[in-house]
Structure formats: C-alpha cells, structure tokens
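Trainee: Residue 2 in UniProt numbering sits at position 2 of the sequence shown; the count goes up by one each step and never skips.
Built from N, CA and C at the ideal position, the CB exists for glycine as well.
As the structure is a computational prediction, the values presented were derived from the model and not from experiment.
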Amino acid sequence: MTISVQTFYDQRSGTATHVVTCAASGSCVVIDPVFDLDPKSGRTSRAPVDRIVDFIRAEKLSLEWLLETHVHHDHISGALALRETLGGRLAIGKRVVEVAEVIRQVYALPQTHARPFDRLLDEGDSLGFGEETIEVWATPGHTIDHLSYRIADTIFLGDTLFMPDSGTARCDFHRGDARMLHSSIRRILDQPEETRLFVCHDYGAEGSRPPAWATTVGAQRAENIHVGKGRTEAEFIALRQERDAGLEMPALLLASLPLNIAAGRFPEPASNGRVILPMPLDVPVSAL
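1. Could you compute how far the alpha carbon of residue 291 sits from the alpha carbon of I188?
2. Can you give the Cα-Cα distance for K40 and E193, rounded to whole angstroms?
3. Could you have a look at L247 and say whether DSSP puts it in helix, strand or coil?
4. Using 8 Å for Cβ pairs, my map puts L86 next to V53. What's the rounded Cβ distance?
5. So what does E268 bridge to, in DSSP terms?
6. Return the CA-CA distance between S148 and E233, expressed in angstroms with no decimal places.
7. Can you tell me which residues form a DSSP beta bridge with Y9?
8. So L252 and S13 are supposed to be a Cβ contact under 8 Å. How far apart are they, rounded?
9. Per the contact definition of three or more C-beta pairs closer than 8 Å, is the region 60 to 78 in contact with the region 135 to 145?
10. Tell me whether M279 is buried or exposed, calling it buried when 16 or more other Cβ atoms sit within 10 Å of its Cβ.
11. For a test of the three-state rule: what should DSSP assign to P207, helix, strand or coil?
12. If I3 sits next to A152, beta carbons under 8 Å apart, how far is it from one beta carbon to the other, in whole angstroms?
13. Are F8 and T17 closer than 7 Å when you measure CB to CB?
14. When we look at the beta-carbon of Q11 and count the other beta-carbons within 10 Å, is it buried (16 or more) or exposed?
15. Leaving out the 5 sequence neighbours to the left and right, which residues in its chain are closer than 6 Å to R51 when beta-carbon positions are compared?
16. Using only the alpha-carbon positions, how far apart do D32 and A205 sit?
17. With DSSP collapsed to three states, give me the class of F162.
18. Can you check whether the CB of L80 is closer than 7 Å to the CB of G218?
19. Between the alpha carbons of S45 and L37, how many angstroms are there, rounded?
20. Whose C-beta lies closer than 8 Å to the C-beta of S126 among residues of the same chain, with five residues either side of it excluded?
21. Could you tell me whether any non-hydrogen atom of the ligand MG is closer than 6 Å to the CB of C171?
22. Can the beta-carbon of F129 be found less than 7 Å from the beta-carbon of I92?
23. Report the rounded CA-to-CA distance for C200 versus R115, giving the unit in angstroms.
24. Quick one, which of R209, F198, R104, E84 has its alpha-carbon nearest N260's?
25. Leaving out the 5 sequence neighbours to the left and right, which residues in its chain are closer than 8 Å to Q111 when beta-carbon positions are compared?
26. Going by the beta-carbon positions, is the gap between Y107 and P258 smaller than 7 Å?
27. If you follow the beta strand (DSSP E) that E132 is part of, which residue opens it and which one closes it?
28. Which of the three DSSP states is assigned to V34 in this structure?
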C-alpha cells in the first residue's frame, strides 16, 4: 500500500496543509486546511480552500476525512468550508471539548455554540480511508488537545516539531506544557530514522530559506536545534519556557479561537448584513 502527499502552503499564516492520497483507491484525507483572513483589513478569502478543491477534483479523488491536529490559534480552519464543498467527515481530538469550554467562557459564547465535528478522537483510535489506516496519536504539549496522525511510514506532526532549523512549537496556549511536549516528541523520535515527518507550520527560518515541511526522524534527531544532539529533558524545558515567555501573540489568535472550535464556522451576519467577530480585550495568555 502506498500513499502520496501533496502540500499546499499558505504564505500569510505559514501553514502547510497536507492532502494524503491512497494510491490504490483514490481516497484522500486533508490535514489542517486553511481559510484566509487578513488581520489588517478583515478581508476573507476561500482561495486556500479552493486550491485544494481544484486539486481533488482534477485528480478525481474522493475526500474521506478532514483532520485537525488541534484547535489552531494562528490561522482560520478551512475544514468546514471544505466539507460543505466536497463532503467527507470531520475529526479532531476529544479534548477539544475542554478547550472549547475555556474559549466559550472567555468570549461569553452561548452554550449552543456549534462544534460540527463528526468524530472526536483519542489515543489509539484508528480511521480508514481506501486501503490505508490512520493511527491517532495523542501528542499534547503545544496544546492539551493536540493529535498527530500516522499513515503508513509517515507522521503528520501538527505543531510538535518544526523543521530542524526551527526547533519546536510553543507551549503556552490551551494548557500546553513543555514537559508534555518533550514526551510527545520523544515518542516521535523513537520511530525508525527513515520515518517521514510533515510539519504544520514553517516560516522559512526567519526568511533565510524557502518554506519547507517534509523531514525525517533521522534528520530531527541529528539536527533539531531544540531537541536534537542529545539535549536533555531539563534543558529542553528551560529553553522552551524561556523562549515562550518572550513570544508575541499570533496575529490571528483572538479572531481564530471562536471560529476554530467550530471548525472555521463564521457567525451569522448581523442585522446590517456584516459578519462581526467577537474580540475580548485585555486577555492574558494564561486565560487561553
């Protein structure tokens, strides 16, 4: 059994969306899709979604699953828009329920705020598409609800490891924890060195190279600036906590959270016909 991976990169958010195809059946899954929102102008665009739609239609693929690795805080999810266009089932980690409750309280959202997921996943679950099996790994640390997905010889990391020259994901949102992240990463790095890894975000190492998203366990063990070359757990935790303390909030953080707990569902237009997003003020990072 063989899979192929086609990646679509969103320049604004630095997000890599992966379309994974079962070659034998023509079935596919989409991992971490993006809907565009310009935080400066407030303009939205389906362009990232439509690129994936065009690809799936051109290749005559059947979309089986839309998979979120976690509730993202740096881009708007395109999962709901994709499901409405092409069908498929939508899944995320079961601890989205905890994350959603925190966000609901911060934003004073109603109890009825929709979570349109078809399945909530946990460690050890598996999903089928075509002749392939998706293994669900709970990989908390970046956030408590974080999952990674293993398909054949490939792991889709979400926000755990970045490319080796960019290290690892931050741990200061959604009850993230550096010790948990280190444990999740060790599990990944304990796999055979030829195991393929696909990251969810890349920023071109602060502009020093083109964006990239594919690496291997062997490369991460040898070269990752945060966890490679024998760095201890204690050293990693100290490094991660020091770095997180100086990071700014992502540009789309406050806009994205109430949308992404609903898979990218925007509010209904107000009486003036415009879609209006809630924006809580003076929210400490610890509250999110």
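Mentor: The short version:
1. Past the boundaries of the shown model lies residue 291; the chain is included only from 1 to 288, so the question cannot be answered.
2. As a working mapping, residue 40 is identified with position 40 in the sequence shown. As a working mapping, residue 193 is identified with position 193 in the sequence shown. Cα to Cα, the separation comes out at about 42 Å.
3. In the sequence shown, residue 247 corresponds to position 247, counting from 1. In the structure shown, L247 sits in coil (DSSP, three-state: anything other than H, G, I, E or B).
4. The count along the sequence shown starts at 1 and reaches residue 86 at position 86. The count along the sequence shown starts at 1 and reaches residue 53 at position 53. At roughly 6 Å, the Cβ-Cβ gap stays under 8 Å, so L86 and V53 are in contact.
5. Along the sequence shown, one-based indexing puts residue 268 at 268. Paired residue(s): none; E268 is not in a bridge.
6. Working through the sequence shown from its first residue, we reach residue 148 at position 148. Working through the sequence shown from its first residue, we reach residue 233 at position 233. Each residue's alpha carbon lies about 21 Å from the other.
7. Residue mapping note: residue 9 aligns to position 9 of the sequence shown, counting from 1. A16, per the DSSP bridge assignment.
8. Mapped onto the sequence shown, residue 252 falls at position 252. Mapped onto the sequence shown, residue 13 falls at position 13. With a Cβ gap of about 7 Å, L252 and S13 count as contacting.
9. yes
10. For this step, residue 279 is matched to residue 279 along the sequence shown. Flag for M279 reads exposed.
11. Here residue 207 refers to the residue found at position 207 of the sequence shown. For the sequence presented, residue 207 should be read as Gly rather than Pro. Three-state result, G207: helix.
12. In the sequence shown, residue 3 corresponds to position 3, counting from 1. In the sequence shown, residue 152 corresponds to position 152, counting from 1. Confirmed, Cβ separation roughly 5 Å.
13. Against the sequence shown, residue 8 aligns to sequence position 8. Against the sequence shown, residue 17 aligns to sequence position 17. Closer than 7 Å, so yes.
14. For this step, residue 11 is matched to residue 11 along the sequence shown. Exposed, because fewer than 16 other Cβ atoms sit within 10 Å of the Cβ of Q11.
15. Along the sequence shown, read from residue 1 onward, the residue named residue 51 stands at position 51. Once the five neighbours on either side are set aside, the close Cβ partners of R51 are F8.
16. The residue given as residue 32 occupies position 32 in the sequence shown. The residue given as residue 205 occupies position 205 in the sequence shown. Looking at the two C-alpha atoms, the distance is approximately 21 Å.
17. Locating residue 162 in the sequence shown gives position 162, where the first residue counts as 1. Note: F162 maps to coil in three-state DSSP.
18. For the purposes of this step, residue 218 is taken as residue 218 along the sequence shown, with counting starting at 1. For the purposes of this step, residue 80 is taken as residue 80 along the sequence shown, with counting starting at 1. No.
19. Along the sequence shown, one-based indexing puts residue 45 at 45. Along the sequence shown, one-based indexing puts residue 37 at 37. Near 7 Å, if we compare the C-alpha coordinates of L37 and S45.
20. For the purposes of this step, residue 126 is identified with residue 126 of the sequence shown, where counting begins at 1. Counting only residues of its own chain and dropping the five nearest sequence neighbours on each side, S126 has a CB closer than 8 Å to the CB of T133, I134, E135, V136.
21. Among the components modelled here there is no ligand, and therefore nothing to report on the ligand MG.
22. Start at 1 with the first residue of the sequence shown, and residue 129 comes out as number 129. Start at 1 with the first residue of the sequence shown, and residue 92 comes out as number 92. Their beta carbons are not under 7 Å apart, which means F129 does not touch I92 by this criterion.
23. Counting from 1 along the sequence shown, the entry for residue 200 is found at position 200. Counting from 1 along the sequence shown, the entry for residue 115 is found at position 115. For C200 and R115, the gap between their C-alpha atoms comes out near 22 Å.
24. On the sequence shown, position 260 is the one that residue 260 refers to. The candidate whose alpha carbon is nearest that of N260 is R104.
25. To locate residue 111, count along the sequence shown from 1; it is residue 111. Shown here for Q111: same chain residues with a beta carbon closer than 8 Å to its own, the five before and five after excluded, namely R104 in chain order.
26. Within the sequence shown, the letter at position 107 stands for residue 107. Within the sequence shown, the letter at position 258 stands for residue 258. For Y107 and P258, yes; Cβs fall inside 7 Å.
27. Here the question's residue 132 lines up with position 132 in the sequence shown. Looking at the DSSP string, the run of the beta strand (DSSP E) that includes E132 is 132 to 138.
28. Locating residue 34 in the sequence shown gives position 34, where the first residue counts as 1. Residue state, collapsed to three classes: strand.
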